[in-house]
Amino acid sequence: MLTDTRSHFQSYRCGNPSRFLLLCERPRCLLGTVCVTGNNGAIHKAPRDSRMRSRKRAGHWTELEYEAMKQENLRLKNILDHQKYSVADIERIKYEENELKETHGKLSKELDDAKQILWGEELKYARLKESVDTEIAEFYKLARKLRIIPSTAENAHGYDLQIDCNLDSEESLHHCRNQINLPLLEMLTQSEDQITKAVNKKMEIQEVNEQLRSMNSDKRNDVKKHKDEAQRLDELLLQKNQDAEEQEKKWASELQSAEKHRQLLESGVSKGLDEAMKDLERTQQELQLVEHQTEEETRQVGNKLIRVVTGVASHVGAIEKLVEEKRLKTEREYEAFMKQDLLADLREILAKYKQKAEILEKPPSQ
Numbered sequence: 001m002l003t004d005t006r007s008h009f010q011s012y013r014c015g016n017p018s019r020f021l022l023l024c025e026r027p028r029c030l031l032g033t034v035c036v037t038g039n040n041g042a043i044h045k046a047p048r049d050s051r052m053r054s055r056k057r058a059g060h061w062t063e064l065e066y067e068a069m070k071q072e073n074l075r076l077k078n079i080l081d082h083q084k085y086s087v088a089d090i091e092r093i094k095y096e097e098n099e100l101k102e103t104h105g106k107l108s109k110e111l112d113d114a115k116q117i118l119w120g121e122e123l124k125y126a127r128l129k130e131s132v133d134t135e136i137a138e139f140y141k142l143a144r145k146l147r148i149i150p151s152t153a154e155n156a157h158g159y160d161l162q163i164d165c166n167l168d169s170e171e172s173l174h175h176c177r178n179q180i181n182l183p184l185l186e187m188l189t190q191s192e193d194q195i196t197k198a199v200n201k202k203m204e205i206q207e208v209n210e211q212l213r214s215m216n217s218d219k220r221n222d223v224k225k226h227k228d229e230a231q232r233l234d235e236l237l238l239q240k241n242q243d244a245e246e247q248e249k250k251w252a253s254e255l256q257s258a259e260k261h262r263q264l265l266e267s268g269v270s271k272g273l274d275e276a277m278k279d280l281e282r283t284q285q286e287l288q289l290v291e292h293q294t295e296e297e298t299r300q301v302g303n304k305l306i307r308v309v310t311g312v313a314s315h316v317g318a319i320e321k322l323v324e325e326k327r328l329k330t331e332r333e334y335e336a337f338m339k340q341d342l343l344a345d346l347r348e349i350l351a352k353y354k355q356k357a358e359i360l361e362k363p364p365s366q
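Each residue of the sequence shown is one higher than the one before, counting from 1 in full-length UniProt numbering.
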């Protein structure tokens, strides 16, 4: 019976080596897969999701095989408990049991580590999914501000930018990315064109605005000048009006004074006329006397003037004679001066210079 049990156990180990090795190596593979996936999960989301599903399936199969192994161990232990063993069989069974316990402990530890890593990866996946949901919410918030969702919005141009995809499917993510990116790129290009046109239009408006400001400033200066001129004219008009009023008052006063004077003259005209007639007679007499005196004085002045003119004429004749003599003398002196050879001395000096030059140019005698 013991021999049958050992042969059955050996046949289990030797006859099914692939299954036994697979059962032993499964947690290690799962642990390595989880570690690699944990390092690269943040870079490639879709492959990581695929590996997550593979790890879940591998973990599930590992648990099933682990349970199967436990059941097999219990069955073998039950068989061994009801059989009779020799000392060598018991020692061999204990040795194999210790090996199995050690293998079981290692597998349990590796399974716990794999579960812990799987839990960490699931937690990372949940956080990443939460972050994606937050970003999608932010995208929706910004899209509503930009009026690009829903498809009937003002700036949507008929594109449906609603994000509706399965985050666990790489194909769905790729399709969703193309569905969102291509319209956004086209809308971005259109927006950049519109912004360029708006900037150019803004620059044109600014140039027109600057011209209008310059014209407005010139007009303001002109208006200010006109206002100053109008104020000056108003002040001048006010001054003229004041002067006219003062002149009018003055004229009225003078007119009143003249009227009073006229009345006084009219009242005393008769008396003044008599006195004037008497003064006229007196004046005529004085005039005759003055005319007589004037004729006498005129005759005397004429005689004196004749004597003065005669003296002046004789003096002028003497001066003319003296001037003529001076002129003749000057002409004679000028003619004498012109007859003199002023260059004679220079010619003599030049001749002497030439002689000395000829002497110096002759070669000395032997």
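Quick reminder that beta carbons are idealized off the backbone N, C-alpha and C, glycines included.
* Could you give the distance in angstroms between the alpha-carbon of Lys352 and the alpha-carbon of Lys329? -> 38 Å
* Determine the extent of the alpha helix (DSSP H) in which Thr103 is found, giving its start and end residues. => 87-146
* Nearest-angstrom Cα distance between Lys250 and Glu295? -> 49 Å
* CB Asn155 to CB Arg147, shorter than 8 Å? -> yes
* Flag this pair as yes or no: are the beta carbons of Ile136 and Ile180 separated by less than 8 Å? => no
* **residue 389 to Val309 span [Cα, whole Å]** => What the structure shows of the chain is the stretch from 1 to 366, and residue 389 is not part of that stretch, so it cannot be assessed.
* **Cα-Cα separation, Ala336 to Gly302** => Rounded to the nearest angstrom, the two C-alpha atoms are 51 Å apart.
* Under the three-state DSSP convention, the category Asp160 falls into -> coil
* Inspect the beta-carbon positions of Leu111 and Asn73 and report whether they are closer than 8 Å. => no
* Asked: Exposed or buried, what is His44 when buried is set at 16 or more other beta-carbons lying within 10 Å of its beta-carbon?
  -> Its pLDDT being 46, under 50, His44 is placed unreliably by the model, and nothing is read from it.
* **Nearest-angstrom beta carbon gap, Ala114 and Gly59 [assumed within contact, 8 Å]** => 6 Å
* In angstroms with no decimal places, state the Cα-to-Cα distance between Arg282 and Lys271. => A direct Cα-to-Cα measurement between Arg282 and Lys271 gives close to 17 Å.
* To do: Could you tell me the distance, in whole angstroms, from the CA atom of Lys304 to the CA atom of Leu280?
  => 35 Å
* Buried or exposed for Glu348, please, with buried defined as at least 16 other CB atoms from any protein chain shown within 10 angstroms of its CB. => exposed
* By a C-beta neighbour count over all protein chains shown, 10 Å radius and 16 as the cutoff for buried, is Thr62 buried or exposed? -> buried
* Asked: Tyr334: buried (16+ other C-beta within 10 angstroms of its C-beta) or exposed?
  -> exposed
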